[in-house]
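First residue of the sequence shown: 136, per our numbering; consecutive thereafter.
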Amino acid sequence: KSKIALASKACVAWQRGLDLYSICHVYGYRVPVLKPMDLMVEVSPRRVFANAHTYHINSISVNSDYETYMSADDLRINLWHLDITDRSFSILHTRSFFSEIISSVSDVKFSHSGRYLLTRDYLTAKVHDYLRSKLCSLYENDCIFDKFECAWNGSDSVIMTGAYNNFFRMFDRNTKRDVTLEASRESSKPRAVLKPRRVCAAGGKRRKDDISVDSLDFTKKILHTAWHPNENIIAIAATNNLYIFQDKLNSEMH
């Protein structure tokens with residue numbers, strides 16, 4: 136009853152125009168005080184998917200069904216279900232029983248320019264470019280351990296990946312065409328158009344805008360790339376710079 140009486144007196148005092156501090160001082164109420172303090176962020180694991188990788192995980196990709204995802208290390212790719220944490224399905228293992236058999240090279244050809252090397256094994260045909268001749272120097276400066284990401288466009292018809300010298304490449308799966316572009320301060324100017332670049336073999340014939348493989352800067356590298364799921368907008372991370380490019384047609388429409 137005493138608490139009800141005090142509350143009634145406080146309400147009357149409030150209606151008469153007394154401020155909150157005076158009411159609390161007279162009737163002995165304690166009002167919570169908000170004190171500023173640094174934001175504390177705590178991270179706690181929701182689920183743990185363990186014991187499926189021997190090496191460090193390099194990449195994770197969520198499927199379009201939002202129920203499954205892939206994780207990849209240097210030698211293995213595992214397929215997971217979000218509701219199953221203790222089991223995964225290995226969809227690629229480079230040290231499997233068949234790996235040595237299917238990786239045996241059945242044919243090899245130099246390209247007409249001498250820059251590319253085409254090899255064929257049981258499942259794939261691979262084109263090796265100018266970096267093949269630089270493997271020793273790339274190993275010495277630890278560049279051979281760089282992890283380049285790749286990205287799909289919205290229609291899954293074009294793939295994109297980074298390279299050295301702030302170059303990035305796009306490959307069209309339908310037309311079988313590819314293009315090499317450069318992310319630089321000149322190309323980041325408003326309405327600047329990216330010009331295709333070409334890397335030629337050392338000592339070979341060069342055009343005006345060509346660059347020799349010996350002139351490549353291996354300290355400038357594009358390891359991270361991303362493509363907008365619906366628009367032709369790409370994001371390129373080049374060292375400490377982030378570039379965002381949009382195709383000319385969409386930029387004019389918007």
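C-beta atoms are modelled at their ideal positions from N, C-alpha and C, and glycine is treated no differently.
Distance CB(residue i)-CB(residue j) smaller than 7 Å
{"i": "residue 181", "j": "residue 220", "result": "no"}
{"i": "residue 328", "j": "residue 348", "result": "no"}
{"i": "residue 278", "j": "residue 353", "result": "yes"}
{"i": "residue 297", "j": "residue 253", "result": "no"}
C-alpha distance - residue i paired with residue j, whole-angstrom precision
{"i": "residue 195", "j": "residue 342", "result": "40 Å"}
{"i": "residue 256", "j": "residue 213", "result": "24 Å"}
{"i": "residue 317", "j": "residue 170", "result": "51 Å"}
{"i": "residue 217", "j": "residue 207", "result": "16 Å"}
{"i": "residue 193", "j": "residue 372", "result": "17 Å"}
{"i": "residue 295", "j": "residue 360", "result": "7 Å"}
{"i": "residue 382", "j": "residue 173", "result": "43 Å"}
{"i": "residue 374", "j": "residue 346", "result": "20 Å"}
{"i": "residue 368", "j": "residue 302", "result": "17 Å"}
{"i": "residue 177", "j": "residue 282", "result": "30 Å"}
{"i": "residue 387", "j": "residue 366", "result": "Unreliable placement is indicated for residue 387, whose pLDDT of 45 sits below 50; the coordinate value is still reported in the next sentence. Each residue's alpha carbon lies about 13 Å from the other."}
{"i": "residue 271", "j": "residue 350", "result": "16 Å"}
Close-in-space but distant-in-sequence residues of the same chain around residue i (CB under 6 Å, 5 per side omitted)
{"i": "residue 309", "result": "292"}
{"i": "residue 224", "result": "214"}
{"i": "residue 197", "result": "204"}
Closest Cα partner of residue i within the set the options
{"i": "residue 363", "options": "373, 295, 315 and 289", "result": "289"}
{"i": "residue 261", "options": "239, 275, 192 and 280", "result": "239"}
{"i": "residue 299", "options": "315, 286 and 311", "result": "315"}
{"i": "residue 273", "options": "356, 287, 307 and 185", "result": "356"}
Beta-carbon proximity list for residue i, same chain, < 7 Å, skipping 5 on both sides
{"i": "residue 237", "result": "256, 257 and 258"}
{"i": "residue 211", "result": "188, 225, 227 and 228"}
Residues that residue i bridges to, as DSSP identifies them
{"i": "residue 285", "result": "296"}
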